[in-house]
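*Asks:*
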Amino acid sequence: MTNDIEIITKEKEIVSSLTNEHFETIEFVDTGWTSRVYLINNGELVFKFARNNKVVEEYKNEVLVYKFLEKKSFEVKLPVVKFEDANLRYFGYEGIVGQTLDKYIDNLSEKEKIIIGQRLSGFLKILHESNLENINIFDISHEEKEFFEKFSISEEFLKTSLKPEIFSAIEFFLEKKIKNEFEKLKSNIKLCHGDLGLWNIILNKNHIGVIDFGDVGYYDSSIDFSGIGDLYMYDSLVKHYECDESMLKKINIRKIIIPILEIPYYLEQDNKKQLQKNLSKINSLFSSNN
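This note's numbering applies: residue 1 is where the sequence shown begins, and numbers increase by one.
Printed below as a string of structure tokens:
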């Protein structure tokens, strides 16, 4: 604990020296797996410090894509890089002040959700048709490996928390159905955000923002739709993007996987409330898919 306090103090001092902000006004946000995050003025400026060397490689891609996208015009606002460590142990960007949609979605009207979906579709159309060199390519076999890694972390928890038939259905789904279904459907590898969900979309009175491009890469483009959990927003998004039947099938497969993939994070956070929510979703999904 002492070591953590020392690290946070040192990193706050770096942020203070770069921005001339008082040490006490810099807010530490300890919510990420990969980064220690510091906010100034509720997110007008955001600094991310890497928790390990692997994250530094992610930062290289994240900073690269922010600078690349600065040259493009979107109906959504994106972070703008302002500070970089020479070795990219940290970087700072002009953030987007507002609420993430996972915390605010219930306050929105049906019309507002539809508009957000439409604007996101315009953003994704431009992003998916962009070409950026030196960014990783992730085919479905790579994604399957990640699915199994996260499943193995949560396997014991799921086995003891779910009925045997539900747990067996999950194993079958991961081992057989994903690969078989994706092989039947045409692949559509595009430059993608990689973690686009309500948790990475920010809303205030004046604009919509998209944040956290740490998982940016070339994926099957279906990855950028599966985290949009609100029905009105999702329907608007896929309608205005003009998703075909193959894309919709791939998105639906991904939507089934998401509650499983989130379990390791909630276990690490000891978030019992969210773990129970995800277990309920998993029970519902795999009871209906049995």
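Where a beta carbon is used, it is the ideal one built from N, C-alpha and C, also for glycine.
1) Let me confirm a value: proline 259 is counted as buried when at least 16 other C-beta atoms fall within 10 Å, else exposed. Which label applies?
2) Select from Gly209, Lys281, Gly229, Ile14 the residue whose C-alpha is nearest the C-alpha of isoleucine 170.
3) Does the Cβ of serine 287 have 16 or more other Cβ atoms within 10 Å, making it buried, or fewer, making it exposed?
4) Under 8 Å: do the segment 103-112 and the segment 182-197 share three or more Cβ pairs, one atom per stretch?
5) Which residue's Cα is closest to the Cα of asparagine 283: Ile166, Arg119, Asn53, Leu261?
6) Measure the Cβ-Cβ separation of aspartate 244 and leucine 124 and say whether it is below 8 Å.
7) Give the DSSP bridge partners of glycine 227, in chain order.
8) What's the gap between the Cα of methionine 1 and the Cα of isoleucine 7?
9) In the structure shown, what three-state DSSP assignment does valine 60 receive?
10) I'd like the span of the beta strand (DSSP E) that includes alanine 86, first residue to last.
11) Near phenylalanine 28, what residues of its chain come up, given a Cβ to Cβ distance below 6 Å and the 5 sequence neighbours on each side ignored?
12) Take histidine 207 and list the residues in its own chain whose beta-carbon comes closer than 6 Å to its own, dropping the five residues that flank it on each side.
13) Taking only three categories from DSSP, how would you classify glycine 209?
14) Specify whether the segment 137-157 and the segment 229-241 touch according to this definition: at least 3 beta carbon pairs, one from each stretch, less than 8 Å apart.
15) Provide the residue span of the alpha helix (DSSP H) that contains serine 154, from first to last.
16) Does the beta-carbon distance from leucine 231 to phenylalanine 157 come in below 8 Å?
17) Mind listing, in chain order, the continuous beta strand (DSSP E) runs of no fewer than 3 residues lying wholly within the segment 214-285?
18) Measure how close the beta-carbons of valine 97 and asparagine 204 come, nearest whole angstrom, since I'm counting them as under 8 Å.
19) If contact is defined by three or more beta carbon pairs under 8 Å, each pair taking one atom from either stretch, is the segment 85-96 in contact with the segment 42-49?
20) Assign methionine 1 to one of three DSSP states: helix, strand, or coil.
21) Assign isoleucine 5 to buried or exposed, taking buried as 16 or more other Cβ atoms, counted over all protein chains shown, within 10 Å of its Cβ.
22) Inspect the CB distances between the segment 55-66 and the segment 8-22 and report whether three or more fall short of 8 Å.
23) Whose C-beta lies closer than 7 Å to the C-beta of glycine 95 among residues of the same chain, with five residues either side of it excluded?
24) Taking the alpha-carbon of asparagine 136 as reference, which of Ile114, Trp199, Val65, Val210 has the nearest alpha-carbon?
25) Going residue by residue through the segment 13-77, where are the continuous alpha helix (DSSP H) segments of at least 4 residues, counting only ones entirely within it?
26) Using CA coordinates, which residue listed in His128, Asn131, Thr100, Glu155 is at the minimum distance from isoleucine 116?
27) For threonine 34 and valine 55, I'd like the C-alpha separation in whole angstroms.
*Replies:* In brief:
1) Around the CB of proline 259, 16 or more other CB atoms lie within 10 Å, so the residue is classed as buried.
2) The option with the nearest alpha carbon to isoleucine 170 is Lys281.
3) By the neighbour-count rule (16 or more Cβ atoms within 10 Å), serine 287 is not buried but exposed.
4) Three or more beta-carbon pairs separated by less than 8 Å are not found between the segment 103-112 and the segment 182-197, which leaves the two stretches without contact.
5) Here the closest residue by C-alpha is Ile166.
6) In this structure, leucine 124 does not lie closer than 8 Å to aspartate 244 by Cβ.
7) Paired residues: Gly197.
8) Note that methionine 1 scores a pLDDT of 46, beneath 50, so its modelled location is shaky; the value from the coordinates is reported in the next line. When rounded, the separation of the alpha-carbon atoms in methionine 1 and isoleucine 7 is 10 Å.
9) First, the amino acid is wrong: residue 60 is lysine here, not valine. DSSP places lysine 60 in helix when its eight states are reduced to three.
10) Taken as a continuous stretch (DSSP letters only), alanine 86 belongs to no beta strand (DSSP E), as it is neither H nor E.
11) Correct list, in chain order: Ile8, Tyr38.
12) Hits under 6 Å: Lys77.
13) The answer is strand: DSSP assigns glycine 209 an E or B state.
14) These segments do not touch.
15) In this chain, the alpha helix (DSSP H) harbouring serine 154 covers 140-161.
16) Not closer than 8 Å, so no.
17) Here the runs fully enclosed are 217-220.
18) Confirmed, about 6 Å.
19) In short, these stretches touch, since the Cβ pair count reaches three.
20) Caution applies to methionine 1, whose pLDDT of 46 falls short of 50 and renders its modelled position unreliable; the value that the coordinates give is listed next. If DSSP states are grouped into helix, strand and coil, methionine 1 belongs with coil.
21) It is exposed - the Cβ of isoleucine 5 has fewer than 16 other Cβ atoms within 10 Å.
22) These segments do not touch.
23) Same-chain partners within the cutoff: Gly43, Glu44, Leu45, Val46, Pro79.
24) For the set Ile114, Trp199, Val65, Val210, the Cα lying nearest the Cα of asparagine 136 is the one of Val65.
25) Segments of the alpha helix (DSSP H) lying fully in the segment 13-77: 53-69.
26) Scanning His128, Asn131, Thr100, Glu155 for the CA closest to the CA of isoleucine 116 turns up Thr100.
27) Cα to Cα, threonine 34 sits roughly 6 Å from valine 55.
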